[in-house]
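**Q** This structure is in structure tokens; I'll ask about it shortly.
Chains as they are written, first to last, in full-length UniProt numbering: chain A, 1 to 355; chain B, 1 to 355.
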């Protein structure tokens, strides 16, 4: 251990993917960064690629055990099975792995961190791994965490309006191709005519969304789980409980994909231990630096995905006190699923560690 | 009163509008109809227009008091203020007015009818007026009414995915124009780039949706009401209570417009007096002739708006027993807002009266 504190080395695993690309964009736009070396790691297919990070051209190196030598913090933006295999390798080599996959989120020995809510948990990491939550859960966590702190959350009924990019670049490409295929066709008034327009345009029947997404909504996200639930819906429940530290939080979620490129939205019905007025909720949101309140009912001001995509905060609007449910608020929240929902929160965990 | 029963005369007021057009389509496709004369009524602007109804060309007549002479049942598919003025005129002239506007729905002397749920109410009409519910409420009523009958509904948390045609033909045209304006532009990843694409295509800034709808969702439907609520959200609450006959039903709704041409969808979280399993709910839905169950979790079968638009039933899928809320189901429901949500239910009320 040298006497002088060396600036830590950061590695980005999956640097060339959809989330990895946003991660590099975030690093490039930070006023300052605490890192010495920034190492880019990807699969053999992408190794050798040149990417400019903070004005310096860097060559992507191949994912291998020795790629983690000398790394202090390794951010993983790769599929579950790659993380499951390689995050422990990074940890063995001395790095703290911050993982954005689903591989470790519910592991009791891995903290699940949203810095605004439970930053202190970054220090409890017996496996050397910290997990980043699912993007849908994350989209509401900064807002809900602040309310929970003041009013004590007890129940959550959530419906999602999830963007195509939740299914990665493949999802974005598919939605854009579908929009092009239905444009000017006047379809959407007869059962199946959207699917016919997609077929006529030569789009493969196989889609990341299980059904046409253009001019449609699809009540399915993630994979099939028991008792009629999807993986996405159970993540919203289980991850909310873990992040907020409320093991018996009552949660029901219905996750629905909508034809939006990027930015998830959620309609939230949240019940608290104590009464909470709209004015009190507004004050809580305004006091939270990473939440932006867009809620002027008289002027019809509210957040929408296309209005906030590509930005960092969590946006909240349409805050109402439930008419028939005590201690309950209904509100609408939007957050960029590739930024706060993925890359940004992962990076904020790394910044928290570097402090 | 003649000894021989004369086939009743039906009038359609607003015969040339979006819902009126669907009404005539429904009448044309009925196997048989109980009507003698079918009279088409519209504003002066549309009077004189020829429309074929059940193989016979009919001339649209102008809305005037004498237009209702000899009419037994008059179906109104016109804006609130036209209904408010003219439904009582029709009633004075001896017709039963069945009104699809919002003018009379909450009038205690006007029944609000969904034939599957409360057909008997058509006979309690001191004003000679019967109201047809709002399309969003209607989209879930056949399914919810059946569950309420068996299990006793107590609470409802609803998020809507509402189609553009809820804002009439103007809404459909606007969405189609927006889709054409964003197609192939690769927009949706930067705040405001969808709005810029609409402006670049020359679309007027004034829209029925308050915000871009293509590649977006908009948490606003209807008009501004007190305490942060929209008219649409309060209709879901107040009309559900009246139709189901549960004056103290607890309801919270968040109404969101989505880029779908026609067919509303709703994510429903419904709590009952008694326990209800998924199997029991399936049996209830299967026994209800106007509900179609599309729910095979293993095969990923569920309803979507684009898959069912233009058809009559209410479609239900994704039925789940809530994990943390007793006696509670979560499910997803789709219904064509111009058919069951408007023209079809209005026509079914007329059929009920004719029996």
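C-beta: ideal position from N, C-alpha, C; glycine also.
Bridge partners for residue 356/A per DSSP, in chain order?
**A** The first residue shown for chain A is 1 and the last is 355, placing residue 356/A beyond what the model contains.
**Q** Measure the Cβ-Cβ separation of residue 15/A and residue 47/A and say whether it is below 7 Å.
**A** Stepping through the first chain from its first residue, residue 15/A is reached at position 15. Stepping through the first chain from its first residue, residue 47/A is reached at position 47. No. Outside cutoff.
**Q** Measuring straight from C-alpha to C-alpha, what distance separates residue 332/B and residue 258/B?
**A** Translated into positions along the second chain, residue 332/B becomes position 332. Translated into positions along the second chain, residue 258/B becomes position 258. Spanning the two alpha carbons is a distance of roughly 15 Å.
**Q** Strictly by DSSP, which residues pair up with residue 250/A?
**A** For the purposes of this step, residue 250/A is taken as the residue at position 250 of the first chain. Among the bridge pairs identified by DSSP, residue 250/A is matched with 155/A.
**Q** What are the residues of the stretch 182-210 of chain B that lie near chain A, defined by any Cβ-Cβ distance shorter than 8 Å?
**A** 182, 183, 184, 186, 187, 188, 189, 190, 191, 192, 193, 194, 195, 210
**Q** Examine the Cβ distances between the stretch 185-194 of chain B and the stretch 270-284 of chain B and report whether three or more of them are shorter than 8 Å.
**A** Under the three-pair Cβ rule at 8 Å, the stretch 185-194 of chain B does not count as touching the stretch 270-284 of chain B.
**Q** Applying the criterion that 16 or more other CB atoms from any shown protein chain within 10 Å of the CB defines a buried residue, is residue 239/A buried or exposed?
**A** Numbered from 1 along the first chain, position 239 holds the residue referred to as residue 239/A. Flag for residue 239/A reads buried.
**Q** Please work out which residues of its chain come closer than 7 Å, Cβ to Cβ, to residue 149/A, disregarding the five sequence neighbours upstream and downstream, and give them in chain order.
**A** On the first chain, residue 149/A is found 149 positions in, with the first residue counted as 1. Taken in chain order, the list of residues that qualify is empty.
**Q** For residue 297/A and residue 228/B, which I take to be in contact (beta-carbon distance under 8 Å), what is that distance rounded to the nearest angstrom?
**A** The residue you call residue 297/A lines up with position 297 of the first chain. The residue you call residue 228/B lines up with position 228 of the second chain. Sure, about 5 Å apart at Cβ, within 8 Å.
**Q** Does the beta carbon of residue 296/B come closer than 7 Å to any beta carbon on chain A?
**A** Taking the second chain and counting its residues from 1, the one referred to as residue 296/B is at position 296. Chain A, which has no Cβ nearer than 7 Å to the Cβ of residue 296/B, makes this no.
**Q** Quick one: using the 10 Å Cβ neighbour count with 16 as the cut-off for buried, is residue 99/A buried or exposed?
**A** Sequence index remark: in the first chain, residue 99/A carries index 99 (1-based). It counts as buried.
**Q** On the CB-based measure, 16 or more other CB atoms within 10 Å of its CB, does residue 355/B come out buried or exposed?
**A** In the second chain, residue 355/B corresponds to position 355, counting from 1. Under this definition residue 355/B is an exposed residue.
**Q** On the three-state DSSP scale, how would you describe residue 50/A?
**A** To locate residue 50/A, count along the first chain from 1; it is residue 50. The answer is strand: DSSP assigns residue 50/A an E or B state.
**Q** Using a Cβ cut-off of 7 Å, pull out every chain A residue sitting near residue 269/B, in sequence order please.
**A** Here residue 269/B refers to the residue found at position 269 of the second chain. Residues of chain A passing the Cβ test: 157, 252.
**Q** Quick check on residue 337/A: buried or exposed, where buried means 16 or more other Cβ atoms within 10 Å of its Cβ?
**A** In the first chain, counting from the first residue as 1, residue 337/A sits at position 337. With 16 or more Cβ atoms within 10 Å of its Cβ, residue 337/A is classed as buried.
**Q** Assuming residue 25/A is part of the alpha helix (DSSP H), what are its boundary residues?
**A** In the first chain, residue 25/A corresponds to position 25, counting from 1. 18-29 is the extent of the alpha helix (DSSP H) around residue 25/A.
**Q** By alpha-carbon positions, which one of 49/A, 131/A, 83/A ends up nearest to residue 348/A?
**A** To locate residue 348/A, count along the first chain from 1; it is residue 348. The candidate whose alpha carbon is nearest that of residue 348/A is 131/A.
**Q** Looking at the structure shown, is residue 294/A part of a helix, part of a strand, or coil, going by DSSP?
**A** Here the question's residue 294/A lines up with position 294 in the first chain. Coil at residue 294/A, not helix or strand.
**Q** Could you check whether residue 305/A and residue 334/A sit closer than 7 Å to each other, using their CB atoms as the reference points?
**A** Here the question's residue 334/A lines up with position 334 in the first chain. Here the question's residue 305/A lines up with position 305 in the first chain. Between residue 334/A and residue 305/A, the C-beta spacing is below 7 Å.
**Q** How long is the line joining the alpha carbons of residue 32/B and residue 341/B, rounded to whole angstroms?
**A** Against the second chain, residue 32/B aligns to sequence position 32. Against the second chain, residue 341/B aligns to sequence position 341. Computed Cα separation, rounded: 22 Å.
**Q** Run down chain B in chain order and give the residues with a C-beta less than 9 Å from the C-beta of residue 265/A.
**A** Position 265 of the first chain, counting from 1, holds the residue named residue 265/A. 217, 219, 256, listed in chain order.
**Q** Would you check if the distance between the CB atom of residue 129/A and the CB atom of residue 151/A is smaller than 7 Å?
**A** Numbered from its first residue, the first chain carries residue 129/A at position 129. Numbered from its first residue, the first chain carries residue 151/A at position 151. Taking 7 Å as the Cβ cut-off, residue 129/A and residue 151/A do not qualify as a contacting pair.
**Q** Between the alpha carbons of residue 215/A and residue 184/A, how many angstroms are there, rounded?
**A** Position 215 of the first chain, counting from 1, holds the residue named residue 215/A. Position 184 of the first chain, counting from 1, holds the residue named residue 184/A. Just so you know, the alpha carbons of residue 215/A and residue 184/A end up roughly 12 Å apart.
**Q** Taking the DSSP output, what are the residues bridged to residue 314/B?
**A** For this step, residue 314/B is matched to residue 314 along the second chain. Answer by DSSP bridge pairing, in chain order: 291/B, 335/B.
**Q** Ignore the nearest five residues each way along the sequence and tell me which others in residue 374/A's own chain have a CB closer than 8 Å to its CB.
**A** Past the boundaries of the shown model lies residue 374/A; chain A is included only from 1 to 355, so the question cannot be answered.
**Q** 7 Å is my cut-off, CB to CB: does residue 137/A come that close to chain B?
**A** Locating residue 137/A in the first chain gives position 137, counting from the first residue. Not one beta carbon of chain B lies nearer than 7 Å to the beta carbon of residue 137/A.
**Q** Spell out whether any CB of chain A is found under 7 Å from the CB atom of residue 432/B.
**A** Residue 432/B is absent from the model: chain B starts at 1 and stops at 355.
**Q** Could you tell me whether any Cβ in chain A is nearer than 7 Å to the Cβ of residue 311/B?
**A** Translated into positions along the second chain, residue 311/B becomes position 311. So yes, residue 311/B belongs to the interface.
**Q** What separation, rounded to the nearest whole angstrom, lies between the Cα atoms of residue 6/A and residue 159/A?
**A** In the first chain, residue 6/A corresponds to position 6, counting from 1. In the first chain, residue 159/A corresponds to position 159, counting from 1. Annotation: residue 6/A to residue 159/A spans about 46 Å, alpha carbon to alpha carbon.
**Q** What is the DSSP secondary structure of residue 285/A, reduced to helix, strand or coil?
**A** Sequence index remark: in the first chain, residue 285/A carries index 285 (1-based). The three-state secondary structure of residue 285/A, taken from DSSP, is helix.
**Q** Residues of chain A with CB closer than 7 Å to the CB of residue 283/B, please, in chain order.
**A** The sequence position of residue 283/B within the second chain is 283, counting from 1. The contacting residues do not exist; residue 283/B stays about 15 Å from chain A at best.
**Q** If you scan the stretch 65-123 of chain A from start to end, which runs of the alpha helix (DSSP H) of 4 or more residues do you find wholly inside it?
**A** Within the stretch 65-123 of chain A, the alpha helix (DSSP H) runs of at least 4 residues that lie entirely inside it are, in chain order, 80-92, 115-118.
**Q** Output, in chain order, the set of chain A residues within a Cβ distance shorter than 9 Å of residue 224/B.
**A** Counting from 1 along the second chain, the entry for residue 224/B is found at position 224. Per Cβ cutoff of 9 Å: 297, 298, 300.
**Q** What in chain A is Cβ-close to residue 212/B, meaning under 7 Å?
**A** Translated into the one-based positions of the second chain, residue 212/B becomes position 212. Residues of chain A passing the Cβ test: 306.
**Q** Please classify residue 134/A as buried or exposed, where buried requires at least 16 other C-beta atoms within 10 Å of its C-beta.
**A** The sequence position of residue 134/A within the first chain is 134, counting from 1. Here residue 134/A is buried: its Cβ has 16 or more other Cβ atoms, across all protein chains shown, within 10 Å.
**Q** Since residue 320/B meets chain A, which of its residues come closer than 9 Å, beta carbon to beta carbon?
**A** As a first step, residue 320/B must be located in the second chain, where it is residue number 320. Those are 227, 228, 229, 233, 252, 254, listed as they occur along chain A.
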